[in-house]
Each structure stands twice: as C-alpha cells, then as structure tokens.
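> Quick one: structure below, then a few questions.
Structural data, given as structure tokens:
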C-alpha cells in the first residue's frame, strides 16, 4: 500500500491578517492639526481648511502636495483612495496628472526609490470623486516607507477628504504530494492574480536547509493563475524544505513548508546540465561535459548528431566525452538519454564573424577597430525588411521588435541580418519575450546560436526595461543562457530606472557587457537630466559595462500626435540634437534613437520636424565619427550653469569640442584654452561644434 503524504501550506496573510493594517485621514479640523499628525506640504502657505475639508492650491508654476510617510512591510501589497474635488486645474505640460494621489517608495534613510504608483486625476472643476490606487507592486526589500502624496500637479485649486490606505489581500496556498517522486504540487493564486497575466509566475524552491538559500536550491516556476505541476526532476530521499512565492512586478511574501521524500523511483527523472566549449570552432579533441542530479543509477546514452561519442570520464554525477570524428564548423546537437530523461542540447561549434572587445574607456572594438553606434530601434515604416528611412538618416545600427514579439526560424533571422549586412548596418538582435517569461534557457541558446556567425550581428539585446516586467531570476537565466551558448558576442540590457537600490543594480551585475539607459525627459523634466542620468548610469555600471544612451525622438502623447500641428509636437525643434550631445557630455560610447511604432503615429507624416532633426543630427554625428571613436579630453572650462561640453581627440591628434546649451534661453559662452578661443551666443537648446 502506497504511503500518502499530502501537506498543505498557506501564506500567513489570510483575510484577517490582510485587514490588520489600515491608515485613515478625514482631513477635517484645523490645518495645524494636520501638521501635528505628521502631514507636511510642499507649500504650507497654500493649504487651508474650507467647510471641514482640506484645500490645496498650486500656483507660480509649482505643484503642491500634502505628504505623509507610512511604514510598510516588504512583500506586502497596498492600496488606497482619497475623495477629491477639482475647483479648476490646468496642466503645465502634458506630463501633469491633475488632482491626484501618489504612492512613492522610500528607503529606511528616506531616499527615493523608483517603483511607486502615480495615477492621473481630474483637471476640470466638478463634483466629489475618488482617485484610487488599486494595488502597488509587492514592496521591495529596500523599501521602508510609502510616501503618500495628495494634491495638485498642475496649476489651480482642489479639495480633499477621506483618505484611506490598506493592505491588499494576496493570500495563496499550496498542497504538496510527496508520496511520488518527483513530488506534485497543487497551488492557488492570490485573488488579484486570478486574471491570467503572463508576467505572474509561481516559484517553488526546494533545499536541504531550512532557510532555503535560493542560490543553492533547486528552483522551478510556472506561469498561470493557479493549478497543478510536477517538479521537473526526482529528489534524493530525506527531508526537504520549501519556499514558494508568486512573482509578477515584484516578489510576494513566501510560503514556507517541509516534507519528506521516502525513496527514489525505479525510473528516475534527472536534472541534466551541459558544459560545452561553445562559441568557437574546434575540429577535433574537444571535451564536452554533462552533469546529473540525482546520482546516476545507470549508464546514460549520449550521441552527437545521432552518432556515438567516446566517453572520457564518468562519475556518479558527471560524464565527459568527445566526438569520435572531426567536426565541421556549425551547430551540433547532443542527445542524452537516461532513466525517464531524454534531453537534447545545442553545441555551438563555430566562431563569431567578428572579434568583439572593449577599450579601457569602454569603447566597443570590432576586429581591433573602434565602433561608435548611431542606431535606431526601427525604420519609420515599422517593417523590418524596409530600410529606406534608416538609410535616409544615415544610421549605422538598427533593430526590429519583430524578433521579440514573435519566434522566428533561423533562416528568417539570417535573412534579415544578411539584408542589413548588404547595407553596412549592424544589428542589436532581440530575443523572443515568450522564451524569457517561460524561463526557457534552451530555446534562448538555440535562438542565439542560429545567428552567431552572421557579420551584421553586433549585440544580443537581452530585454527592454526588464526591471518593470521581467523578474530578476528569469533575467539571470536569460543572460546566462546567452553567454553559455554564444560567449563571443556582447550582451546588452536597457534599463529605464536608475539608481543604486539592489533590486535594480542586480540586473547589471555580470549579466551584460553593454548598459543602455533611456532618460526620455521631454516635456516632464529638464533636458539636462539626460546628462545627469547618463552619468548615474555610468556610476551604476562601475566601469564594468559600456554605457549607451537612448535618445528621445517621440512625443508622449502617442496617438494624439496625429491631431497636433507639427510645430506643437515634442520634442520641439532643437531638443533632439541637444539631448544627443548632452549624452556625449556624460561620456557615453553609443547613441540609439527611439521613436514610437507606426500604429501610434507615422514619424515622417505626423512628426516631420522631429524626423528632419533626427536626420540632420545623425548626419552631423557621422561627420564626427573620427572624434567620437577617439579618446576623451579633459578640459578645465568655466562655463555658465546649464552649459556643458564634450571634447574628444581623433587618432591624428585633432580635437572636437561640443558646447551644449540645456536651457530654454540664449546663453553667451566664452572659451579660452590652448589652441582655441571663442565667444559665442548659443540659442535655446543650441549646440556648437568646433574642430581644432
């Protein structure tokens, strides 16, 4: 008779626990009482009490908010709402959110951490209504407080009452059937995760220590809103500790449990991993290795492209082998059969088309020559096989989102890359997001291996802004798979957040050779933030990655741009060129221009001013390539506030000096350095290039 071991574990945050936190503020009483209760304001003089509600006014071009810092717990999720009444508010720009409620994140030291909630509220005068935050992301480990913002982003007056903040019930449970090996799991999702979302994953982590150190444990995960799953491999007999958790845009509090495995089954399911000398052609004599868990109970059958191999060494958990015959250059397939396991691996026995490395200043080198990318995410046609706009502007690097949104055959990818090569274009090639979300490292390796030797391939583009949609563990699996299969081609990650919180910097730690950042300031923040944010990005990389800037060439109003006059579209004339040169002042080693897909608006038709400026800026940058690929020159210039510079030296000793006005007004600039002196009035957002 089979012994049944079915254990049920639940997250200790059920309905009663979820309701044990609630913060309420009626905003009645005198204003001084608000300050006594811990509230403060950006401008206290414009906060008043009217008819037993609080009134907030914003004027003189500044927003005005009431603020309160509320302690929260990592892994929990919070929601809130406030009653608002607009007395008439106008936006200062299209980034303003009106009469609203924000939840910002703060560290224990009250430093700002990205990741809060910032909904839009009403502008026009009207009756009382709710502004609500349904749920935050799970509170990250580094967050200690939610900073509540209640007020006016814009210009005008509004009234507020009846604010409340609460925990959102995110309880779930898991049943473990340990009578079978591999064990089976039945799990439920939190109510808020019941709606299918491909970003939500359920993780089961099993280890021998009670704390379940994830770096040493076995981990599996599954997408979906609840169901059943079998662990992917058998477990050695004995006690096992479990940590299970949901992860979407953050990590929920885990469920802990423990269970016993009585014995191994007759037909063991193995965890098999490969260790191959990928990324270079070796004709003969190479050693390939596969490892096994649990320990082998029988000899595995290993073939390479259907042919037997020579076993060099075998232990209880490892086999080393080599091909019997010499191998031509190309992709090979290694099949491993043992127990109930039948696993096929890709062996990348070929060389990349180019030798990639980085100079000490993180300039990308291709076959020993410096390369400065001037790139774009897409042709204005949004058709990956159309290059008219790319060639008109003069870009040297391109990309297509089609390879991220869909899975393509190796033949289709090679065809695209070969068309790019005909036009002397390099490519940052994306990876299907379906592979990333499913943590399908094997498919990622095969995808990259198919195009590894294509001359147009510049870098594997790991993910677009993964910190807001792809959990760190899935990203790490992706990055490691790319490096394992194709180590000779650099990897790129784009981050939209910046700063030094561990949850963000983890995406950079050894997982890419190139780090991109997309400041996108217009019209919400000063264009000078391009410089400061790119400098922060360089600090985040710690000198380990090249840093490239993504330059904003789009209007945040998206489809509404179709109805705008050309002169009203952002970024207005001069700002695109200005932002590109501001990035150069931060010593970036690459520039990539981004505009929106054609289903939002047609770059050439609806944004002709910006398209013309993209073209002229790219042509200017092409004319500066001998300097952009050169060395930075440090100059001790005394420039007015808001004026910045870059200076680079070409191989023949010539220098180029760029002066950049980040302000919306003309500025006089005087330069007097050895070999060059000049006085110039820079127009608003103007750039002046000097060669000497």
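In the numbering used here, the protein residues as written are 16 to 707. C-beta: ideal position from N, C-alpha, C; glycine also.
1. Give me the Cα-Cα distance between residue 45 and residue 269, rounded to the nearest whole angstrom.
2. For the beta strand (DSSP E) that residue 262 lies in, which residues bound it at each end?
3. If we require 3 or more residues per run, which beta strand (DSSP E) segments fall completely within the stretch 343-412?
4. Going by beta carbon distance, what residues of the same chain come within less than 7 Å of residue 693, once the five residues before and after it are set aside?
5. Mapping DSSP to helix, strand and coil, what is residue 180?
6. What separation, rounded to the nearest whole angstrom, lies between the Cα atoms of residue 61 and residue 39?
7. Between the alpha carbons of residue 349 and residue 93, how many angstroms are there, rounded?
8. Would you call the stretch 270-278 and the stretch 251-259 in contact, with 3 or more CB pairs under 8 Å?
9. Between the alpha carbons of residue 231 and residue 222, how many angstroms are there, rounded?
10. So residue 154 packs on residue 90, CB below 8 Å; how close in whole Å?
11. Can you check whether the CB of residue 548 is closer than 7 Å to the CB of residue 513?
12. Mark residue 101 as exposed unless 16 or more other C-beta atoms lie within 10 angstroms of its C-beta, in which case mark it buried.
13. Would you list the residues sitting across from residue 630 in a DSSP beta bridge?
14. Is residue 105 near residue 169, with beta carbons less than 7 Å apart?
15. How far does the beta strand (DSSP E) with residue 163 in it reach, from first residue to last?
16. Might you give, ordered along the chain, the residues of its own chain that have their beta carbon closer than 8 Å to the beta carbon of residue 506, omitting 5 neighbours on each side?
17. Taking the beta strand (DSSP E) that residue 338 belongs to, which residues open and close that run?
18. Could you confirm whether any beta carbon from chain B is found closer than 7 Å to the beta carbon of residue 344?
19. Beta-carbon separation of residue 375 and residue 612 under 7 Å?
20. Whole beta strand (DSSP E) runs in the stretch 539-622 with 3 or more residues, listed along the chain?
21. Quick check: the Cα distance between residue 167 and residue 178, rounded to an integer number of angstroms?
22. Identify, in the order they occur along the chain, each residue of the same chain with its Cβ nearer than 6 Å to the Cβ of residue 644, setting aside the five sequence neighbours on each side.
23. If you pair each beta-carbon of the stretch 596-613 with each one of the stretch 555-563, do three or more pairs fall below 8 Å?
24. Going by alpha carbons, who is nearest to residue 650 out of 672, 639, 187 and 592?
25. For residue 242 and residue 181, I'd like the C-alpha separation in whole angstroms.
26. To the nearest angstrom, how far is it from the Cα of residue 81 to the Cα of residue 542?
27. If residue 322 and residue 305 are in contact, beta carbons under 8 Å, what's the gap, nearest whole angstrom?
28. By how many angstroms is the C-alpha of residue 456 removed from the C-alpha of residue 391?
29. Just how far apart, CA to CA, sit residue 750 and residue 590?
30. Considering residue 462, what are the terminal residues of the alpha helix (DSSP H) in which it resides?
31. Which stretch, first to last residue, makes up the beta strand (DSSP E) that contains residue 303?
32. Quick check on this structure: which residue in 335, 488, 331 and 354 has the alpha carbon closest to the alpha carbon of residue 290?
If we stick to the structure as given:
1. Residue 45 and residue 269 have their alpha carbons spaced roughly 43 Å apart.
2. Per DSSP, residue 262 belongs to the beta strand (DSSP E) from 253-263.
3. Listed in chain order, the complete beta strand (DSSP E) runs (minimum 3 residues) inside the stretch 343-412 are 345-353, 356-364, 371-373, 379-381 and 389-391.
4. Here the set comprises 686 and 705.
5. In this structure, residue 180 counts as strand in the three-state DSSP scheme.
6. For residue 61 and residue 39, the distance between alpha carbons rounds to 23 Å.
7. Between residue 349 and residue 93, the C-alpha separation is close to 49 Å.
8. Segments in contact, yes.
9. Distance between the alpha carbons of residue 231 and residue 222: 7 Å.
10. Contact between residue 154 and residue 90 holds, with the beta-carbon distance rounding to 6 Å and staying under 8 Å.
11. A contact, by the Cβ cut-off of 7 Å.
12. With 16 or more Cβ atoms within 10 Å of its Cβ, residue 101 is classed as buried.
13. Note: residue 630 sits in no beta bridge, so no partner.
14. If you check the CB distance, residue 105 and residue 169 come in under 7 Å.
15. Taken as a continuous stretch (DSSP letters only), the beta strand (DSSP E) holding residue 163 covers 160-168.
16. Hits under 8 Å: 474, 475, 477, 494, 497, 498, 526, 527, 528 and 529.
17. Counting along the chain, the beta strand (DSSP E) containing residue 338 begins and ends at 333-338.
18. This model lacks chain B altogether; it includes just one protein chain.
19. No, these two residues do not count as a Cβ contact at 7 Å.
20. For the stretch 539-622, whole beta strand (DSSP E) runs of length 3 or above, ordered along the chain, are 561-567 and 606-609.
21. A straight line joining the alpha-carbon of residue 167 with that of residue 178 spans about 15 Å.
22. Here the set comprises 385 and 387.
23. With the cut-off at 8 Å, the stretch 596-613 and the stretch 555-563 touch.
24. Among 672, 639, 187 and 592, the Cα nearest to that of residue 650 is on 672.
25. C-alpha separation (whole angstroms): 29 Å.
26. So the two alpha carbons sit approximately 27 Å from each other.
27. In this structure, residue 322 and residue 305 do not form a Cβ contact; the two beta carbons are roughly 16 Å apart against a cut-off of 8 Å.
28. Taking the CA atoms as reference points, residue 391 sits about 28 Å from residue 456.
29. Summary: the structure shown does not reach residue 750, with the chain confined to residues 16 through 707, and so no result is reported for it.
30. Residue 462 -> alpha helix (DSSP H) spans 456-465.
31. For residue 303, the enclosing beta strand (DSSP E) has its first and last residue at 303-308.
32. Proximity to residue 290 across 335, 488, 331 and 354 peaks at 335, based on C-alpha coordinates.
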